[in-house]
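Asks: Please see the structure below; I have some questions.
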Amino acid sequence: EAGVAQSPRYKIIEKRQSVAFWCNPISGHATLYWYQQILGQGPKLLIQFQNNGVVDDSQLPKDRFSAERLKGVDSTLKIQPAKLEDSAVYLCASSIISGRGNEQFFGPGTRLTVL
Amino acid sequence: QKEVEQDPGPLSVPEGAIVSLNCTYSNSAFQYFMWYRQYSRKGPELLMYTYSSGNKEDGRFTAQVDKSSKYISLFIRDSQPSDSATYLCAMSASGNKLVFGAGTILRVKS
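Chain order of the listed sequences is A and B. Per my numbering, the very first residue in the first sequence carries number 718; after that it's consecutive. Per my numbering, the very first residue in the second sequence carries number 59; after that it's consecutive.
Below is the structure:
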């Protein structure tokens, strides 16, 4: 079974530029998450989708971050304009109910550096 | 105060040692408790899952949850160099939205 795919793996931009990340979840997983992981910290949930709909975006900085999940499969996360403090790894995860609860499977992440 | 507190380490142990990793939390609504392992430049992977209080064992790994003390632990027996990674505790009230600790860096020396 293929895992969660993310691209690009690395991105370097100047502050005030825009950037977009792409995620392809595991086939059949209805729930998709975007997390932000700053160096030395645990992942922080930015947004959760159930199929096409947003379940939780309470920690998404909506003045600069946006996300969409078209057709309930792939998702994109955009930052516009980027700030220095946005430097982090952006993780995408998808989940399925298993014997281990709502098990989330993570992609390798996109490492963003804002200069 | 953070909802989940975890000592970042690093924790350095010799091969074969028993490792103890811990987290404390403040939200009494948490009832799902997980441990994730994250290798460098990779995403986290689920290692252990526990619902409510008690112990769960899986091979060399044992997870313990003490809800009365708001304290969870992960024990690794016979630690191996391949266990060197960052270990993240994670918790949830609903089973859906996870709150992660900062992660503990573990280094197992051969």
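For each residue, glycine too, the CB sits at the ideal point set by N, CA and C. Model, not experiment: these values are computed from the prediction.
Buried or exposed: Pro-742 (chain A), going by 16 or more other Cβ atoms within 10 Å of its Cβ?
Replies: The residue is buried, with at least 16 neighbouring Cβ atoms inside 10 Å.
Asks: Go through the stretch 732-810 of chain A residue by residue and report every complete run of the beta strand (DSSP E) that reaches 3 residues or more, in order.
Replies: Listed in chain order, the complete beta strand (DSSP E) runs (minimum 3 residues) inside the stretch 732-810 of chain A are 736-741, 748-754, 761-767, 770-773, 782-785, 792-796.
Asks: Do we get a CB-CB distance below 8 angstroms when we pair Val-80 (chain B) with the residues of chain A?
Replies: The residue asked about is misnamed: residue 80 (chain B) is Asn in this sequence, not Val. Cβ-Cβ to chain A under 8 angstroms: no for Asn-80 (chain B).
Asks: Between Phe-158 (chain B) and chain A, is there a C-beta pair that is closer than 8 angstroms?
Replies: Yes, contact with chain A.
Asks: At 7 angstroms on the CB atoms, spell out the chain B contacts of Glu-820 (chain A), in chain order.
Replies: Correct list: Leu-104.
Asks: I want to verify the contact list: residues of chain A whose CB lies under 8 angstroms from the CB of Lys-155 (chain B), in sequence order.
Replies: Neighbours of Lys-155 (chain B) on chain A, chain order: Leu-762, Gln-765, Asp-773.
Asks: What do you get for Val-771 (chain A), buried or exposed, if any count of 16 or more other CB atoms within 10 angstroms of its CB means buried?
Replies: Exposed is the call here.
Asks: For the beta strand (DSSP E) holding Asn-819 (chain A), just list the boundary residues, first then last.
Replies: 818-823 is the extent of the beta strand (DSSP E) around Asn-819 (chain A).
Asks: Does the Cβ of Arg-786 (chain A) have 16 or more other Cβ atoms within 10 Å, making it buried, or fewer, making it exposed?
Replies: With 16 or more other Cβ atoms within 10 Å, it is buried.
Asks: Do you know how far the Cα of Leu-104 (chain B) is from the Cα of Pro-139 (chain B)?
Replies: If you take the alpha carbons of Pro-139 (chain B) and Leu-104 (chain B), they lie about 19 angstroms apart.
Asks: Quick one: does the C-beta of Tyr-807 (chain A) sit closer than 7 angstroms to a heavy atom of the ligand MG?
Replies: Absence of the ligand MG from the depicted structure is noted, as is the absence of any ligand whatsoever, leaving it without description.
Asks: For chain B, find out if any of its Cβ atoms is closer than 8 angstroms to the Cβ of Gln-758 (chain A); answer yes or no.
Replies: By this cut-off, Gln-758 (chain A) is an interface position.
Asks: Beta strand (DSSP E) containing Asn-154 (chain B): first to last residue?
Replies: Looking at the DSSP string, Asn-154 (chain B) is not in any beta strand (DSSP E), and its letter there is neither H nor E.
Asks: Have a look at Arg-781 (chain A) and Leu-829 (chain A) and give me their C-alpha separation to the nearest angstrom.
Replies: So the two alpha carbons sit approximately 15 angstroms from each other.
Asks: If I'm right that Leu-146 (chain B) touches Phe-158 (chain B) with Cβ under 8 angstroms, what's the distance once you round it to whole angstroms?
Replies: Leu-146 (chain B) to Phe-158 (chain B), Cβ: 5 angstroms. Contact.
Asks: Does Tyr-659 (chain A) pass the burial test, meaning 16 or more other C-beta atoms within 10 Å, or should it be called exposed?
Replies: Since the first residue shown for chain A is 718 and the last is 832, residue 659 (chain A) is missing from the structure and cannot be characterised.
Asks: With 8 angstroms as the threshold, decide whether the Cβ of Phe-823 (chain A) is near any Cβ in chain B.
Replies: Yes, Phe-823 (chain A) lies at the interface with chain B (some Cβ there is under 8 angstroms from its Cβ).
Asks: With DSSP as the reference, label Asp-136 (chain B) as helix, strand or coil.
Replies: Correct three-state label for Asp-136 (chain B): coil.
Asks: In angstroms, rounded to a whole number, what distance separates the CA positions of Tyr-168 (chain B) and Val-77 (chain B)?
Replies: A small correction: the amino acid at residue 168 (chain B) is Ser; Tyr does not occupy that position in the sequence shown. Looking at the two C-alpha atoms, the distance is approximately 15 angstroms.
Asks: If you compare alpha carbons, which of A:Leu-756, A:Leu-762, A:Gly-816, A:Gly-826 is closest to Leu-808 (chain A)?
Replies: The shortest C-alpha separation from Leu-808 (chain A) is found at A:Gly-826.
Asks: Are the Cβ atoms of Arg-794 (chain A) and Val-831 (chain A) separated by less than 8 angstroms?
Replies: Sequence inspection shows Leu at residue 794 (chain A); the Arg mentioned does not correspond to that position. Contact flag unset, no.
Asks: Check whether the stretch 719-726 of chain A and the stretch 738-752 of chain A are in contact - that is, three or more C-beta pairs closer than 8 angstroms.
Replies: Yes, they touch.
Asks: Can the beta-carbon of Gln-59 (chain B) be found less than 8 angstroms from the beta-carbon of Cys-81 (chain B)?
Replies: Not in contact: Gln-59 (chain B) and Cys-81 (chain B) (Cβ atoms no closer than 8 angstroms).
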